[in-house]
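**Q**
Numbering (our numbering), first residue to last: 26 to 426.
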């Protein structure tokens with residue numbers, strides 16, 4: 026194999042990338058700017074496509090010890106709480122897609138991937154290693170860190186998130202743009218709720234210019250609550266720990282159903298996240314150029330209306346591992362990254378577009394809201410099943426080796 030491949034970022038995408046390539050025999054060095062891994066973030070939904078990737082990596086058993094597996098997904102009107110649509114999960118999702126639907130705490134999934142990386146690959150992890158820029162050479166990539174250290178690798182994959190330094194150096198300095206939406210996040214101890222409120226279900230409340238999602242995490246011990254509203258914040262971009270006031274959230278949501286208000290009132294501490302994104306991918310050159318590739322939010326940040334951010338990063342990582350596994354000669358990273366980009370860009374762009382579209386539907390008002398509600402009542406299961414999405418990740422073409 027070549028000299029160590031460099032991965033910038035040790036979030037969900039970076040660890041998934043390093044694990045996928047490490048399992049395929051590639052020596053990997055992961056560069057992470059933080060000095061430790063704090064328990065940041067909140068819940069993550071993992072559709073059958075993400076679960077298929079984790080299963081392929083042999084993480085099913087460990088995942089069962091940390092995840093919750095909801096029985097169904099219920100869509101409700103935020104004003105009166107009436108059910109608008111319903112999707113069976115649990116055994117139905119398993120029968121329909123061959124994999125279940127799960128919910129996890131971000132920190133638990135991160136720890137799962139980190140432990141697997143340490144125990145199943147020889148990968149090296151360097152903390153306090155923030156990428157400043159890089160130089161593409163004839164047979165290597167020279168990465169410069171902010172502390173002045175320079176590292177040479179066979180290739181570089183930018184998994185360093187929405188504010189990616191790798192992306193900036195590769196594609197230019199155009200910043201991510203605020204969406205005009207704010208995400209309020211909180212965790213509720215399940216024991217503090219009534220039995221009905223802590224049901225094993227994903228609940229989605231839709232309102233005018235807002236929606237709220239709740240679901241169990243950590244084997245049902247906690248309920249994750251996310252409320253997305255329209256507005257702008259003075260919070261620093263990229264911060265997970267910006268404190269928020271429930272009064273501001275309730276002003277943004279307006280009146281809500283009693284059962285939803287009870288959940289909002291039960292959150293002991295709210296944090297605020299200002300949502301940013303970029304335009305959907307235009308072509309494969311947005312994903313890779315030469316010996317440098319991008320993965321996850323560094324390449325294709327997603328609005329949260331399909332719950333696919335972590336899943337798409339893991340699909341990207343799985344694809345890279347599959348391409349390496351199929352290579353029977355010395356690795357040519359430029360050629361491999363070109364195949365990766367050609368295989369992934371259209372699906373990622375479609376998920377970006379659908380996430381934006383779902384946001385408009387979720388937050389509809391007036392006649393569009395009435396039409397949405399009628400459609401969900403008539404065709405809820407068909408509209409919510411997302412077969413094209415959950416049947417992924419798409420397999421590689423037989424000749425791609």
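For each residue, glycine too, the CB sits at the ideal point set by N, CA and C.
My understanding is that residue 404 touches residue 319, with C-beta atoms under 8 Å, so please give their C-beta distance in whole angstroms.
**A** Actually they are not in contact, since the Cβ atoms of residue 404 and residue 319 sit about 36 Å apart, beyond 8 Å.
**Q** What does the alpha-carbon distance come out to for the pair residue 364 and residue 338?
**A** Going by the C-alpha atoms only, they are around 17 Å apart.
**Q** Please state whether DSSP places residue 131 in a helix, a strand or coil.
**A** Of the three classes helix, strand and coil, the one that applies to residue 131 here is helix, per DSSP.
**Q** Give the straight-line distance between the Cα atoms of residue 158 and residue 300, rounded to the nearest whole angstrom.
**A** Whole-angstrom Cα-Cα distance: 26 Å.
**Q** Can you tell me whether residue 358 is buried or exposed, with buried defined as 16 or more other CB within 10 angstroms of its CB?
**A** Under this definition residue 358 is a buried residue.
**Q** So what does DSSP say about residue 188, is it helix, strand or coil?
**A** Correct three-state label for residue 188: coil.
**Q** I need the straight-line Cα distance from residue 388 to residue 48, nearest angstrom please.
**A** Going by the C-alpha atoms only, they are around 42 Å apart.
**Q** When DSSP labels each residue in this structure, what does residue 368 get in the three-state scheme?
**A** Residue state, collapsed to three classes: helix.
**Q** Using 10 angstroms around the beta-carbon of residue 322, count the other beta-carbons present and answer buried if the total reaches 16, otherwise exposed.
**A** Residue 322 should be labelled buried.
**Q** According to the neighbour-count rule (16 or more other Cβ atoms, all chains shown, within 10 Å of its Cβ), is residue 118 buried or exposed?
**A** That one is buried.
**Q** Does DSSP classify residue 376 as helix, strand or coil?
**A** Residue 376 falls in the helix class under three-state DSSP.
**Q** What span of residues does the alpha helix (DSSP H) with residue 159 cover, start to end?
**A** That residue, residue 159, is in no alpha helix (DSSP H); its beta strand (DSSP E) goes 156-161.
**Q** In terms of alpha-carbon separation, which member of 223, 303, 134 and 251 lies closest to residue 204?
**A** Cα-wise, what sits closest to residue 204 is 303.
**Q** Mapping the DSSP letters down to three states, classify residue 249 as helix, strand or coil.
**A** In this structure, residue 249 counts as strand in the three-state DSSP scheme.
**Q** I'd like to confirm the pairing. Which residues does DSSP put opposite residue 235 in its beta bridges?
**A** 232 and 254.
**Q** Check whether the Cβ atoms of residue 391 and residue 282 sit closer than 7 Å, and answer yes or no.
**A** Result no, Cβ atoms of residue 391 and residue 282 do not sit closer than 7 Å.
**Q** Taking the continuous alpha helix (DSSP H) assigned at residue 281, which residues delimit it?
**A** Per DSSP, residue 281 belongs to no alpha helix (DSSP H) and is neither H nor E.
**Q** Taking only runs of the beta strand (DSSP E) that begin and end inside the region 78-139, which ones reach a length of at least 3 residues, in chain order?
**A** Correct list: 97-102, 108-113 and 127-130.
**Q** Report, in whole angstroms, the separation of the C-beta atoms of residue 56 and residue 30, which I expect to be a contact under 8 Å.
**A** Wrong, their Cβ atoms sit about 11 Å apart, outside the cutoff.
**Q** Ignore the nearest five residues each way along the sequence and tell me which others in residue 207's own chain have a CB closer than 8 Å to its CB.
**A** The residues are 253, 254, 255, 256, 257, 258, 277, 297, 298, 299 and 300.
**Q** Answer yes or no: do residue 43 and residue 142 have a C-beta to C-beta separation smaller than 7 Å?
**A** Yes; because the gap between Cβ atoms is below 7 Å, this pair is in contact.
**Q** What is the rounded straight-line gap between the Cα of residue 79 and the Cα of residue 129?
**A** Approximately 13 Å between the Cα atoms of the pair.
**Q** Tell me the rounded alpha-carbon separation between residue 35 and residue 271.
**A** Taking the straight line from one Cα to the other gives about 32 Å.
**Q** What's the call for residue 135, buried or exposed, on a 16-neighbour Cβ count within 10 Å?
**A** Buried.
**Q** Based on DSSP bridge pairs, tell me the residues matched to residue 240.
**A** In the DSSP output, where bridge partners are listed per residue, residue 240 has 249.
**Q** From residue 291 to residue 349, what distance separates their C-alpha atoms?
**A** In a straight line, the C-alpha of residue 291 is about 48 Å away from that of residue 349.
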